[in-house]
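Participant: Under our numbering, the first residue of the sequence shown is numbered 76, with each subsequent residue one higher. Note that beta-carbon positions come from the ideal geometry of N, C-alpha and C, so glycine has one too. Quick one: the structure is below, and I'll ask about it shortly.
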Amino acid sequence: MMRSHVLASVPSLQNSFKLVGAGSVVGSINLDRSTGVVGTLGASPELTPFRISVNSPGDQRTYNLEIVRDPVLTPFLVQMATFASIDATERQVGGLTLQFDGEVALRGMQIPTRRIDA
Numbered sequence: 076m077m078r079s080h081v082l083a084s085v086p087s088l089q090n091s092f093k094l095v096g097a098g099s100v101v102g103s104i105n106l107d108r109s110t111g112v113v114g115t116l117g118a119s120p121e122l123t124p125f126r127i128s129v130n131s132p133g134d135q136r137t138y139n140l141e142i143v144r145d146p147v148l149t150p151f152l153v154q155m156a157t158f159a160s161i162d163a164t165e166r167q168v169g170g171l172t173l174q175f176d177g178e179v180a181l182r183g184m185q186i187p188t189r190r191i192d193a
């Protein structure tokens with residue numbers, strides 16, 4: 076849970092929403108259902124370190140992130156962070172060839188990954 080302030084309300088007959096600016100962490104969400112959200116004030120969320128390096132000709136950038144540890148959200152957030160890192164480093168238009176090499180370490184164990192040429 077984070078402090079936030081509403082930047083804009085976007086009305087729509089189909090799906091209204093609010094654009095917000097996030098502030099400091101104030102707690103951790105424990106349960107999120109359609110009927111409500113349960114959280115604990117003052118608790119820190121469990122985070123997993125995530126590092127991605129994007130190498131392109133003449134440029135190498137490493138992004139060090141922390142991603143929430145959750146069986147459902149973590150894979151989705153890893154995907155989003157990976158694509159955002161590539162978008163921030165590589166060009167956005169035209170032809171592009173990507174090669175992915177990955178390594179996953181969980182509690183000191185090395186998990187082999189396969190090479191993907193895309």
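Are proline 120 and glutamate 141 close, meaning C-beta to C-beta below 7 Å?
Facilitator: Taking the sequence shown and counting its residues from 1, one reaches residue 120 at position 45. Taking the sequence shown and counting its residues from 1, one reaches residue 141 at position 66. Not closer than 7 Å, so no.
Participant: Isoleucine 127 to glutamate 165, Cα distance in whole Å?
Facilitator: Counted from its first residue, the sequence shown places residue 127 at position 52. Counted from its first residue, the sequence shown places residue 165 at position 90. Their backbone Cα atoms lie some 14 Å apart in a straight line.
Participant: My understanding is that serine 84 touches lysine 93, with C-beta atoms under 8 Å, so please give their C-beta distance in whole angstroms.
Facilitator: The residue labelled residue 84 in the question sits at position 9 within the sequence shown. The residue labelled residue 93 in the question sits at position 18 within the sequence shown. Right, their Cβ atoms sit about 5 Å apart.
Participant: Give me the Cα-Cα distance between phenylalanine 158 and valine 113, rounded to the nearest whole angstrom.
Facilitator: Within the sequence shown, residue 158 is the residue found at index 83, counting from 1. Within the sequence shown, residue 113 is the residue found at index 38, counting from 1. Rounded to the nearest angstrom, the two C-alpha atoms are 30 Å apart.
Participant: Run the CB neighbour count on serine 160, radius 10 Å, all protein chains shown included, and call it buried at 16 or more, exposed below.
Facilitator: Start at 1 with the first residue of the sequence shown, and residue 160 comes out as number 85. Its Cβ being crowded by 16 or more others within 10 Å, serine 160 is buried.
Participant: Starting from threonine 115, trace the beta strand (DSSP E) in both directions and tell me its first and last residue.
Facilitator: Within the sequence shown, the letter at position 40 stands for residue 115. Threonine 115 -> beta strand (DSSP E) spans 111-116.
Participant: To the nearest angstrom, report how far apart valine 95 and threonine 149 are at their CA atoms.
Facilitator: Mapped onto the sequence shown, residue 95 falls at position 20. Mapped onto the sequence shown, residue 149 falls at position 74. Cα to Cα, the separation comes out at about 23 Å.
Participant: Mapping the DSSP letters down to three states, classify methionine 76 as helix, strand or coil.
Facilitator: Here residue 76 refers to the residue found at position 1 of the sequence shown. The answer is coil: DSSP assigns methionine 76 none of H, G, I, E or B.
Participant: Which residues share a DSSP beta bridge with arginine 108?
Facilitator: The sequence position of residue 108 within the sequence shown is 33, counting from 1. Gly111.
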